[in-house]
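Asker: Okay, here's the structure, questions in a sec.
In our numbering, the protein residues as written are 4 to 232.
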């Protein structure tokens with residue numbers, strides 16, 4: 004992982020119910036202001052890589068998980084009615100890599116962001132309670148099983164505009180996913196700590212018969228865009 008820590012915000016007593024160079028899925032969101040609840044938080048202090056892992060370990064527990072959104076991650080609980088929320092302004096892949104090292108479960112709500120302020124919640128940004136509720140209701144059983152069967156230490160998931168793929172899988176080939184399965188694959192990858200990279204709005208070149216390849220990036224080009232081989 005590259006040490007590019009953006010910082011964290013700790014907020015207490017909020018209700019709970021419910022990858023690639025700079026690998027954030029929504030680079031248009033300002034990480035110095037998004038999800039801070041309008042509390043006037045300035046540019047976050049950089050945090051060393053090992054400190055991020057230590058922070059997750061310190062805030063872990065049997066009911067804790069890392070909720071990952073496009074703009075940040077939130078350490079929250081699936082059980083408590085209220086309690087502290089730890090918001091970490093890191094890109095999704097960095098957060099998931101740290102969670103894997105810390106042994107903390109992960110749930111993803113990408114392509115949506117996260118906020119600690121209910122007043123800022125909308126169709127593209129969720130509160131922690133909304134995110135937890137969505138994660139608990141999402142059925143990823145078959146996708147987790149499929150990706151788990153394909154997973155190797157080198158497996159990479161690439162999400163493009165027209166398809167998603169797994170590369171370096173147990174079957175040695177490129178595995179393609181389309182439509183709703185693309186988002187489900189991304190969410191399953193986060194749960195299984197599989198590196199995932201979004202290259203949209205770019206498309207992947209897809210094999211078709213008899214026309215040949217559709218326009219788009221080759222697998223090698225997509226992996227290079229993600230900083231992987």
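By construction, the Cβ of each residue, glycine as well, lies at the ideal position given by its N, Cα and C atoms.
When the Cα atoms are used, what is the spatial distance from residue 66 to residue 139?
Answerer: Each residue's alpha carbon lies about 13 Å from the other.
Asker: By the 10 Å Cβ neighbour count, where 16 or more other Cβ atoms means buried, how is residue 221 classified, buried or exposed?
Answerer: Label assigned to residue 221: exposed.
Asker: Checking the sheet assignment: what are the DSSP bridge partners for residue 169?
Answerer: Bridge partners of residue 169: 160 and 178.
Asker: Mind checking whether the beta-carbon of residue 100 lies closer than 6 Å to any heavy atom of the ligand FAD?
Answerer: As presented, the structure is devoid of all ligands, the ligand FAD included, so that no description of it is given.
Asker: Within 10 Å of its beta-carbon, does residue 116 have 16 or more other beta-carbons around it, so buried, or fewer, so exposed?
Answerer: Per the 10 Å Cβ criterion, buried.
Asker: Report the rounded CA-to-CA distance for residue 178 versus residue 58, giving the unit in angstroms.
Answerer: Approximately 35 Å between the Cα atoms of the pair.
Asker: Enumerate, from N- to C-terminal direction, the unbroken alpha helix (DSSP H) stretches of 4 or more residues contained entirely within the segment 91-155.
Answerer: DSSP runs (the alpha helix (DSSP H)) wholly in the segment 91-155: 95-105, 131-140 and 144-153.
Asker: Can you grab the Cα-Cα spacing for the pair residue 230 / residue 132, in whole Å?
Answerer: Those two C-alpha atoms are separated by around 34 Å.
Asker: Measuring straight from C-alpha to C-alpha, what distance separates residue 129 and residue 142?
Answerer: Rounded to the nearest angstrom, the two C-alpha atoms are 19 Å apart.
Asker: Is any beta-carbon of chain D found at less than 7 Å from that of residue 130?
Answerer: In the structure shown, chain D does not exist; there is a single protein chain.
Asker: I'd like to check one pair, residue 68 with residue 76: are the Cβ atoms closer than 7 Å?
Answerer: No, the pair does not count as a contact, with Cβ atoms beyond the cut-off.
Asker: Less than 7 Å between C-beta atoms, sequence neighbours within five positions excluded: which residues of the same chain meet that for residue 172?
Answerer: The answer, listed in chain order, is 153, 155, 158 and 178.
Asker: Using three-state DSSP, classify residue 88 as helix, strand or coil.
Answerer: If DSSP states are grouped into helix, strand and coil, residue 88 belongs with the strands.
Asker: Taking the beta strand (DSSP E) that residue 199 belongs to, which residues open and close that run?
Answerer: Residues 199-201.
Asker: At the level of alpha carbons, what is the spacing between residue 185 and residue 98?
Answerer: Distance between the alpha carbons of residue 185 and residue 98 is about 20 Å.
Asker: Among the residues of its own chain, which have a CB less than 8 Å from the CB of residue 175, if the five just before and after it don't count?
Answerer: So no residue of the chain qualifies.
Asker: Taking the alpha carbon of residue 56 as the reference point, which residue from 106, 74 and 94 has its own alpha carbon closest?
Answerer: It is 106.
Asker: Beta carbon of residue 219, beta carbon of residue 208: below 7 Å?
Answerer: Against a cut-off of 7 Å, the Cβ pair of residue 208 and residue 219 comes out as a contact.
Asker: Measuring straight from C-alpha to C-alpha, what distance separates residue 144 and residue 213?
Answerer: Cα to Cα, residue 144 sits roughly 35 Å from residue 213.
Asker: Out of 205, 216, 198 and 232, point me to the one whose CA is closest to residue 96's CA.
Answerer: Considering only alpha carbons, the answer is 198.
Asker: Less than 7 Å between the beta carbons of residue 168 and residue 201, yes or no?
Answerer: Result no, Cβ atoms of residue 168 and residue 201 do not sit closer than 7 Å.
Asker: Give every residue of the same chain whose Cβ lies closer than 6 Å to the Cβ of residue 104, excluding the five residues on either side of it in the sequence, and list them in chain order.
Answerer: Excluding sequence neighbours, residue 104 sits near 56.
Asker: Quick one, are the C-beta atoms of residue 81 and residue 135 less than 7 Å apart?
Answerer: Contact: yes.
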